[in-house]
Amino acid sequence: MENNLEGEINPIDPGEIVIDKTHLAARDKFSILKTEAYAMPSSTYVPDDSHTFFVSEDKTLCWANHGRCWNDKGDRVLVASQNSYKEWLLEFCPPDDYDKCGLFFGFNGVCHTYANRELLIGEFDVSVKDASKNFVVVAIFGKYGMGLKNLKALITESFNNANFKVEMTQDMLDTVLARVDNTFDDETEAWKQLIENYFFVPMTELIKQHEGVLDRLKQLVTTLFEGRESIFEKHFNQSVFDKGQFREEIFQLLSSNIFAYLAFLHDNNYIDDDQYNKSKQGATKFLEGLFGVVEGQVEAVQATGELNQELAKKELFM
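Residues in the sequence shown are numbered consecutively from 250, following our numbering.
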């Protein structure tokens, strides 16, 4: 897929991609590339969040994900290990062109999203869930970002290309595609944490006491998932990506449904008037602060190729 925030976008129709089984004789078996994902302390989106990058175990290949990588200064924590399918991974997301995995930085994903997509192509079902503030990224963008129809098409296309070079199996493809469809529990947990940490609602306690709190949260997650995919598809299939309109529609989707959820908690007496007003203020401050910082980070990446480490200020969110 070719993409340009100011230019043309050429979408892939997953229905047109099939595994071509011609010319498959006399191939070597696929290779395993041992890989790792690391988190580095950062405050680029929210205070005390983290930047995540992906690297081969021998450190000869590094996916910087629009930030720092192995050779850059800073502490780092190992958050995931993978036995990657080497030839397939390099077709899907080469380290010198990691945008090829279908992400528009700051629009349908950020560095955590890149790392999760990079971790997809391998034996294990792993993610960067242990990276600091990962739940914020998963809640807002989704575990694998927005545009999952296109993601699955890219996964299949890259598998097909790798399958010309080395011997692979249909089961490998099926397993990876199934991971893309199995994000609901992770995204529900992410929203629970986000609402508790930034909207100041005691979600853990409320879920234990009232079954309806979790049921309605699952409805929220489903609505947001379907809504963001619809918005992405609408803009992705246009000849020019209107980034301002895209961001505005995502913001309105999030804010309207979040406030509806908080109203549900209040109307059912799960939270009182004071808690309701505090949660609405927290949600407003968080969303406006986050989207302002994301816009600034996109500008920083386009101008310098790197994130601005000074953009996320505590007063935006706390």
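Cβ atoms here follow ideal geometry from the backbone N, Cα and C, with glycine treated the same way. Since the model is a prediction, treat every value here as computed from it, not as a measurement.
For the alpha helix (DSSP H) containing residue i, name the first residue and the last one.
i    : result
L369 : 360 to 369
A509 : 492 to 516
Y347 : Looking at the DSSP string, Y347 is not in any alpha helix (DSSP H), and its letter there is neither H nor E.
L469 : 460 to 485
F390 : 383 to 390
D420 : 419 to 429
Starting from the C-beta of residue i, find all residues in its chain whose C-beta is less than 6 Å away, skip the five residues before and the five after it, and write them out in chain order.
i    : result
A313 : F302
C318 : F302, C311
E255 : Residue confidence is low: E255 scores 43 on pLDDT, short of 50, so the model does not pin down where it sits. Its coordinate-derived value is still stated next. Once the five neighbours on either side are set aside, E255 has no close Cβ partner at all.
K308 : W319
F540 : F500
V543 : G355
L338 : I370
I520 : L514
Count the other CB atoms within 10 Å of the CB of residue i; is the residue buried (16 or more) or exposed (fewer)?
i    : result
Q458 : exposed
F448 : buried
V489 : exposed
I389 : buried
E336 : buried
A549 : buried
D434 : exposed
N399 : buried
T405 : buried
S407 : buried
L327 : exposed
Ends of the beta strand (DSSP E) at residue i?
i    : result
F302 : 298 to 305
Q558 : Here Q558 belongs to no beta strand (DSSP E), and DSSP marks it neither H nor E.
Less than 7 Å between C-beta atoms, sequence neighbours within five positions excluded: which residues of the same chain meet that for residue i?
i    : result
T437 : L466, K467, V470
L225 : Past the edges of the chain, shown from 250 to 567, lies residue 225, and the structure says nothing about it.
H361 : T301, V377, A380, N383, V386
T432 : G391, K392, Y393
L397 : V429, E478
A439 : F384, V387, A388
Helix, strand or coil: how does DSSP classify residue i here?
i    : result
Y192 : Residue 192 is absent from the structure shown; the chain starts at 250 and stops at 567.
W312 : strand
D277 : strand
N409 : helix
S330 : strand
V450 : coil
E255 : Its pLDDT being 43, under 50, E255 is placed unreliably in this model, and the value from its coordinates should be taken loosely. Reduced to three states, the DSSP call for E255 is coil.
F356 : coil
Q551 : helix
E445 : helix
E416 : strand
Would residue i pass as a contact of residue j if the rule is Cβ separation under 8 Å?
i    : j    : result
E340 : E306 : no
P290 : G323 : yes
G394 : Q546 : no
R276 : K414 : yes
N357 : K392 : no
D298 : V385 : yes
V425 : L352 : no
K529 : L511 : yes
R325 : Y294 : no
F373 : N409 : no
S292 : Q524 : no
F513 : M417 : no
V350 : Y363 : The question names Val, but residue 350 is Cys in the sequence shown. The answer is yes: Cβ separation under 8 Å.
T453 : E445 : yes
Apart from the five residues on each side of it in sequence, which residues of its chain come closer than 8 Å, Cβ to Cβ, to residue i?
i    : result
N253 : Residue confidence for N253 is low, a pLDDT of 41 falling below 50, so the modelled location carries little weight and cannot support an answer.
L536 : F500, L503, S504, I507
G554 : H315
When every heavy atom of the ligand SAM is checked, does at least one fall within less than 7 Å of the C-beta of residue i?
i    : result
F341 : Only the bare structure without any ligand can be found here, which leaves the ligand SAM out of the picture.
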